[in-house]
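Every position in the sequence shown, counted from 1, becomes a number in our numbering once 742 is added.
Report on the structure given below.
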Amino acid sequence: MIIQKSSREIMLMRAAGIITARALHATGKAVEPGVTTLELDTICRKVIEEAGATPTFLGYNGFPGSACISVNDQVIHGIPSKDVKLKEGDIVSIDVGACIGGFNGDSAYTFACGDISKEARALLDATEQSLYEGIAMAKTGNRIGDIGSTIQKYVEMRGYSVVREFTGHGVGADLHEDPSVPNYGTPGRGVRLAPGMTLAIEPMVNAGGKAIKILPDGWTVMTQDGSLSAHFEHSIAITADGPVILTALE
């Protein structure tokens, strides 16, 4: 069931989104060679909790971290670890959720660790822009397929591939709500968008093939071919005047 939010509820979601954005920004600023992913997770949790919010991911279905931190060929859901130390040239996808006032924010960004290759930079730039191309299609009267098909076309025209097994989603009082928001699809198909709907749009883009594998830890998703992967995400609200990004910094 799709839950359309009132203006007041969207304001509460914006409050959660701002905390999410602050935590993501602070964690990303700490990305540098020699830092462990557990140290990054500690920063994320501190920012969220000092704002009076709760890290949404911590304990979610048993997940042990406050952020999902995925390095290089890890697509999503990387578990923070004291044994994973960042190196010059890594790309680091950080996915953060914060809950306050009964509502969640959900956002992700892929950061460069020091100087990265031209190929890695191009992947990051294309994935980030594909997110904004998708958000631009999140207008009242459009359909879910308009978002996904736009992301897919933008990514594939640049020689990259879109992960199929994991998608964006509705977001609100629950981290994952209806509807599913794939990063691929057919224009004019799927759920029609209406004011009050709140979505997490999150392209997961591989430099190589679209196939993925899940590690024995049950969480970490990796590219099947070992190619780099990038992940960008915003939570948004559909309004009569167009999409509003709820997880933007102030």
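Don't be surprised by glycine CBs; every beta carbon is placed ideally from N, CA and C.
Separation of the CB atoms of L865 and Y902 is rounded to 7 Å, and the pair is thereby assigned contact status at 8 Å. Per the C-alpha coordinates, the member of F845, A949, I886, T769 positioned closest to D837 is T769. In this structure, the straight-line span from the alpha carbon of F974 to that of I889 is close to 14 Å. When N814, G912, I978 are compared, the shortest CA-CA separation from L991 is found for I978.
Your pair I818 and T779 does not check out as a contact, with CB atoms roughly 14 Å apart and the cut at 8 Å.
For C786, the three-state secondary structure derived from DSSP is helix. As far as DSSP is concerned, D916 takes part in no beta bridge. Nearest Cα to R934 within the set M964, K824, M879, T784: M879. Between T852 and A972, the C-beta gap is smaller than 8 Å, which places the two residues in contact. Using a 10 angstroms sphere on the CB of N803, the tally of other CB atoms stays under 16, which defines it as exposed. Just so you know, the alpha carbons of I858 and L782 end up roughly 19 Å apart. One thing to note: D920 has its Cβ within 8 Å of the Cβ of G912.
Under the DSSP assignment, L865 falls outside any beta strand (DSSP E), being part of the alpha helix (DSSP H) whose first and last residues are 860-878. Taken in chain order, the complete beta strand (DSSP E) segments of 3 residues or longer contained in the stretch 917-955 are 919-923, 940-943, 946-948. In the structure shown, G890 falls within a helical segment according to DSSP collapsed to helix, strand and coil. The alpha-carbon separation between A982 and P937 amounts to approximately 6 Å. Rounded to the nearest angstrom, the gap between the Cα atoms of V904 and A854 is 20 Å. For I943 against I877, the beta-carbon gap comes to about 6 Å, under 8 Å, which counts as contact. Under the DSSP definition of a beta bridge, A854 partners with I833.
Within the model, the alpha-carbon separation for I842 versus S872 is close to 29 Å.
DSSP places S812 inside the beta strand (DSSP E), whose first and last residues are 809-813. Collapsing the DSSP output to three states places R900 in coil. In the DSSP annotation of this structure, A763 is not part of any beta strand (DSSP E); the continuous alpha helix (DSSP H) holding it starts and ends at 749-771.
Annotation for L917: T798, Y802, G839, N846, D848 place their beta carbon closer than 7 Å to its own, counting only its chain and skipping 5 residues before and after.
In this structure, M939 is the residue among R750, M939, P929, D815 with its C-alpha nearest to the C-alpha of G984. Collapsing the DSSP output to three states places E992 in coil.
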